[in-house]
Amino acid sequence: MEEWLESLLEWAQCSAEERPPLELDFRTYQLVVTDAGPNRIKVLKIVRERLQLAPTAAKELLECEEDLVIGTGTKEDLQPLRDLLGEHGAKSAYQLTDADIEMP
Numbered sequence: 008m009e010e011w012l013e014s015l016l017e018w019a020q021c022s023a024e025e026r027p028p029l030e031l032d033f034r035t036y037q038l039v040v041t042d043a044g045p046n047r048i049k050v051l052k053i054v055r056e057r058l059q060l061a062p063t064a065a066k067e068l069l070e071c072e073e074d075l076v077i078g079t080g081t082k083e084d085l086q087p088l089r090d091l092l093g094e095h096g097a098k099s100a101y102q103l104t105d106a107d108i109e110m111p
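Just so we're aligned, residue 8 is where the sequence shown starts under my numbering, counting upward by one.
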């Protein structure tokens, strides 16, 4: 904790030009399954457990033509789930939630 506070103080004392960019993204995203891939049964199991659904309900959602929202949070929070889906051949994407879409 001390190291973190010291680094934060150092960062705050730098001029704006000297500061390294903070690459933190606190926006809220939805993780969407766009394609279940070749291992549909394993992906179905993940969907079922994640959304706490009965097997038939999870299967219906996965087979629906629309993209399936499987989680909401920051990219950092959702990345382990995305990696797990990817390990089983599923394709997924991040979509900003309505609250974080910037208005023109």
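C-beta atoms are modelled at their ideal positions from N, C-alpha and C, and glycine is treated no differently.
Between the CA atoms of residue j and residue i - distance to the nearest angstrom
i      : j     : result
Leu103 : Glu72 : 20 Å
Pro111 : Arg34 : Note that Pro111 scores a pLDDT of 49, beneath 50, so its modelled location is shaky; the value from the coordinates is reported in the next line. Roughly 17 Å between the two C-alpha positions.
Lys66  : Arg89 : 19 Å
Ala19  : Asp32 : 19 Å
Leu15  : Glu9  : 10 Å
Leu91  : Arg57 : 12 Å
Val40  : Cys21 : 42 Å
His95  : Gln86 : 14 Å
Ala64  : Glu83 : 28 Å
Lys52  : Val76 : 15 Å
Extent of the continuous beta strand (DSSP E) to which residue i belongs
i     : result
Leu38 : Tyr36 to Asp42
Leu75 : Leu75 to Gly80
Proximity to residue i [Cα-Cα], best of the options
i     : options                       : result
Pro45 : Ala61, Thr81, Leu69 and Leu12 : Leu69
Paired residues, beta bridge with residue i - DSSP
i      : result
Lys98  : Asp42
Leu103 : Tyr36
Limits of the unbroken alpha helix (DSSP H) element including residue i
i     : result
Thr63 : Pro62 to Glu70
Beta-carbon contacts of residue i that lie in its chain and below 8 Å, excluding the five residues immediately before and after
i     : result
Pro36 : Per the sequence presented here, residue 36 reads as Tyr, with Pro not at that position. Within the same chain, Tyr36 has close Cβ partners Thr79, Gly80, Thr81, Lys82, Leu85, Tyr101, Gln102, Leu103, Thr104 and Asp107.
Val50 : Val40, Ala43, Gly44, Leu69, Leu92, His95, Gly96 and Ala97
Sequence-distant residues of its chain with Cβ nearer than 6 Å to residue i (five each side left out)
i     : result
Lys98 : Thr41 and Asp42
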